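Sequence order for the protein chains is A and B. Here my numbering runs 421 ahead of the position in the first sequence, where the first position is 1. Here my numbering runs 61 ahead of the position in the second sequence, where the first position is 1. For every residue, glycine included, the Cβ atom is placed at its ideal position computed from N, Cα and C. These figures come from a predicted structure and were not determined experimentally.
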Amino acid sequence: MAAIEEGGGGGHKGPGVKKAKKLSTRVDMTPMVDLGFLLITFFIFSTTMAQPTAMQLIMPKDTEKPEEQTKVKASGALTIMLGKKDGLYYYEGDDPTKIQATDYKKIRDVIIQKKKNTKPEDFVVVIKPNDESNYQNVVAILDEMSINEVKKFAMVNISPVENELLVATEKANGI
Amino acid sequence: MTAFVDVSFLILTFFILATKFKPDEPVEVKFPSSVSADKIPEMDAFLITIDKDGRVFVQMDDPNARKSIAENLNETRNLGLTPANIKSFTNSPSIGVPFAGLKNLLAMEPEQQKNVRQPGIPVPDSTGGELYYWIRDAKSTYAGKKVSWLIKADDATKYPVIKNVLEAFKRNDINKFQLVTKFRDAPIGTPLWNTRQNQIGAGKK
């Protein structure tokens with residue numbers, strides 16, 4: 422009476438009923454991968470990997486009073502002068518006429534030699550960039566101070582006499 | 062394919078997490094390298110950027126500091142800035158114009174500000190020029206905090222400009238700076254290299 426007829430009663434499906442097709446679970450991933458790579462590219466280009474570092478520079482306070490100024494023994498002083506076109510010149514002691522030309526590779530040996538030959542408490546490097554030198558030179562020479570662990574160094578304005586000698590040396594060397 | 066996607070998404074995740082966006086820069090500066098390994102402090106930094114033509118820019122991270130500096134300068138230098146100008150100043154991270162041109166610059170739309178060629182803050186001689194006043198007001202704004210005074214200059218910047226900038230700091234009694242550089246290793250065999258090797262050795266023990 423109330424029973425619903427179920428496909429022939431025999432349990433097997435009739436000819437009109439289709440077997441449910443098993444759907445594939447695989448999705449087309451190509452658009453997703455495309456988007457993924459787009460994002461990778463974007464982040465690669467917008468990122469800054471190498472963080473800049475900071476070099477500490479401490480300058481002395483300007484003072485007019487002679488008793489506050491640091492005295493430098495001539496025997497322990499090495500003066501390095503920076504000229505144009507990456508030129509580098511130095512002299513030892515307090516006689517600027519003994520000026521010698523060098524470069525950024527050889528200066529390390531000069532500093533190490535001088536450091537070896539002087540008492541540590543007397544050793545001081547005086548850096549005098551002239552108006553033609555550039556920032557890269559200044560940083561390179563300050564860097565040389567930390568590479569060679571020079572404890573005492575000073576950045577000083579170049580005197581007119583020294584500048585003249587420097588320019589004369591540059592001329593003699595054809596720079 | 063699946064493995065490939067896995068790897069690519071791993072890389073993607075890495076870059077998303079590791080990324081730090083390049084900050085807005087007024088000019089492109091190729092700074093020199095040094096052996097110093099100290100990190101640049103992130104907060105409370107006052108940055109002076111000098112490009113290869115010697116144009117000087119100031120940059121401050123903190124918008125509050127920018128606002129208070131703008132108000133200070135407006136008062137002390139009679140710039141005649143309107144509140145809208147000061148708001149614009151608060152939103153622009155870097156400034157490189159003389160005081161006389163500041164009002165004009167700030168009246169522009171932010172997009173225009175980026176595109177206009179700024180002449181740089183005048184630092185004509187060892188008196189420090191207008192930069193002296195910038196630093197003075199920055200110093201009073203940051204009073205009581207530990208500020209890092211950063212200088213970022215191009216390789217090709219001439220030394221006299223650097224000297225004048227340093228002079229502007231010195232006149233404000235600031236003698237400690239940090240120069241922005243790229244890291245490079247200390248050359249092998251030098252005293253610094255030896256010291257660092259010893260430190261590494263001591264750390265392992």
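For chain B, check one thing: does any of its Cβ atoms lie closer than 8 Å to the Cβ of residue i?
{"i": "Ser-567(A)", "result": "yes"}
{"i": "Gly-504(A)", "result": "no"}
{"i": "Ala-475(A)", "result": "yes"}
{"i": "Pro-550(A)", "result": "yes"}
{"i": "Gly-429(A)", "result": "Legend: pLDDT at Gly-429(A) = 46, less than 50; position of this residue unreliable, value from coordinates given subsequently. It does not; no Cβ of chain B falls within 8 Å."}
{"i": "Leu-586(A)", "result": "no"}
{"i": "Ser-445(A)", "result": "no"}
{"i": "Tyr-556(A)", "result": "yes"}
{"i": "Gln-534(A)", "result": "no"}
Is residue i buried or exposed, if buried means 16 or more other CB atoms sit within 10 Å of its CB?
{"i": "Met-450(A)", "result": "exposed"}
{"i": "Arg-116(B)", "result": "buried"}
{"i": "Arg-127(B)", "result": "buried"}
{"i": "Lys-91(B)", "result": "exposed"}
{"i": "Leu-211(B)", "result": "buried"}
{"i": "Gln-239(B)", "result": "buried"}
{"i": "Met-476(A)", "result": "buried"}
{"i": "Met-62(B)", "result": "exposed"}
{"i": "Gln-260(B)", "result": "exposed"}
{"i": "Thr-474(A)", "result": "buried"}
{"i": "Ala-204(B)", "result": "exposed"}
{"i": "Ser-496(A)", "result": "exposed"}
{"i": "Asn-233(B)", "result": "buried"}
{"i": "Phe-544(A)", "result": "buried"}
{"i": "Ala-424(A)", "result": "Below a pLDDT of 50, predicted positions are generally treated as unreliable, and Ala-424(A), at 48, falls in that range; the measurement from the model is reported next regardless. Burial call: exposed."}
{"i": "Phe-150(B)", "result": "buried"}
Give the straight-line distance between the Cα atoms of residue i and residue j, rounded to the nearest whole angstrom.
{"i": "Arg-197(B)", "j": "Ile-548(A)", "result": "28 Å"}
{"i": "Ala-98(B)", "j": "Glu-565(A)", "result": "14 Å"}
{"i": "Ala-88(B)", "j": "Ile-156(B)", "result": "The displayed chain sequence assigns Val, not Ala, to residue 88(B). Roughly 11 Å between the two C-alpha positions."}
{"i": "Asp-105(B)", "j": "Lys-213(B)", "result": "16 Å"}
{"i": "Glu-427(A)", "j": "Val-448(A)", "result": "At Glu-427(A) the pLDDT is 49, less than 50, meaning the model places this residue with poor confidence; the figure from the coordinates comes in the next sentence. Rounded to the nearest angstrom, the two C-alpha atoms are 37 Å apart."}
{"i": "Leu-444(A)", "j": "Pro-452(A)", "result": "21 Å"}
{"i": "Gly-430(A)", "j": "Thr-446(A)", "result": "Here Gly-430(A) scores only 45 on pLDDT, less than 50, and its place in the model should not be relied on; the value that follows carries that caveat. C-alpha separation (whole angstroms): 34 Å."}
{"i": "Pro-248(B)", "j": "Pro-93(B)", "result": "16 Å"}
{"i": "Ala-79(B)", "j": "Leu-456(A)", "result": "19 Å"}
{"i": "Leu-586(A)", "j": "Tyr-556(A)", "result": "22 Å"}
{"i": "Pro-550(A)", "j": "Glu-136(B)", "result": "38 Å"}
{"i": "Pro-581(A)", "j": "Gly-190(B)", "result": "24 Å"}
{"i": "Val-493(A)", "j": "Lys-206(B)", "result": "35 Å"}
{"i": "Gly-262(B)", "j": "Asn-255(B)", "result": "10 Å"}
{"i": "Tyr-194(B)", "j": "Met-121(B)", "result": "15 Å"}
{"i": "Asp-215(B)", "j": "Ala-64(B)", "result": "46 Å"}
{"i": "Ser-69(B)", "j": "Phe-458(A)", "result": "7 Å"}
{"i": "Arg-245(B)", "j": "Glu-172(B)", "result": "36 Å"}
{"i": "Leu-163(B)", "j": "Leu-140(B)", "result": "8 Å"}
{"i": "Phe-463(A)", "j": "Ile-130(B)", "result": "36 Å"}
{"i": "Ile-532(A)", "j": "Pro-252(B)", "result": "11 Å"}
{"i": "Lys-519(A)", "j": "Glu-132(B)", "result": "55 Å"}
{"i": "Glu-513(A)", "j": "Ala-498(A)", "result": "6 Å"}
{"i": "Tyr-525(A)", "j": "Asp-507(A)", "result": "8 Å"}
{"i": "Thr-539(A)", "j": "Asp-515(A)", "result": "15 Å"}
Taking Cβ-Cβ distances shorter than 9 Å, what residues in chain D pair up with residue i?
{"i": "Val-66(B)", "result": "Note that chain D does not occur in the displayed structure, where the protein chains are A and B."}
Return yes when the Cβ of residue j is within less than 8 Å of the Cβ of residue i, no when it is not.
{"i": "Leu-509(A)", "j": "Thr-523(A)", "result": "yes"}
{"i": "Leu-478(A)", "j": "Asn-558(A)", "result": "no"}
{"i": "Val-158(B)", "j": "Val-184(B)", "result": "no"}
{"i": "Pro-102(B)", "j": "Ser-201(B)", "result": "no"}
{"i": "Val-119(B)", "j": "Ile-182(B)", "result": "yes"}
{"i": "Thr-242(B)", "j": "Val-571(A)", "result": "no"}
{"i": "Ile-592(A)", "j": "Ser-554(A)", "result": "Residue 592(A) is actually Lys in this sequence, not Ile. In this structure, Ser-554(A) does not lie closer than 8 Å to Lys-592(A) by Cβ."}
{"i": "Leu-192(B)", "j": "Ala-161(B)", "result": "no"}
{"i": "Asn-569(A)", "j": "Lys-536(A)", "result": "yes"}
{"i": "Asp-552(A)", "j": "Pro-221(B)", "result": "yes"}
Are the C-beta of residue i and some C-beta of chain A separated by less than 8 Å?
{"i": "Ala-199(B)", "result": "no"}
{"i": "Ala-217(B)", "result": "yes"}
{"i": "Pro-180(B)", "result": "no"}
{"i": "Tyr-220(B)", "result": "yes"}
{"i": "Leu-142(B)", "result": "no"}
{"i": "Asn-225(B)", "result": "no"}
{"i": "Lys-206(B)", "result": "no"}
{"i": "Lys-237(B)", "result": "yes"}
{"i": "Ala-263(B)", "result": "no"}
{"i": "Ala-214(B)", "result": "yes"}
At a cut-off of 7 Å, is residue i close to the ligand ADP when judged by its beta-carbon and the heavy atoms of the ligand?
{"i": "Ser-567(A)", "result": "With respect to the ligand ADP, the structure shown offers nothing to examine, as it has no ligands at all."}
The segment 575-587 of chain A touching the segment 110-127 of chain B, judged by at least three CB pairs closer than 8 Å: no
Tell me whether the segment 462-469 of chain A and the segment 67-79 of chain B touch, counting them as touching only if at least three CB pairs, one residue from each stretch, are closer than 8 Å. By the C-beta criterion, the segment 462-469 of chain A is judged to be in contact with the segment 67-79 of chain B, since at least 3 inter-stretch pairs fall below 8 Å.
Does the segment 163-178 of chain B come close enough to the segment 139-148 of chain B that 3 or more CB-CB pairs lie under 8 Å? Yes, the segment 139-148 of chain B is in contact with the segment 163-178 of chain B.
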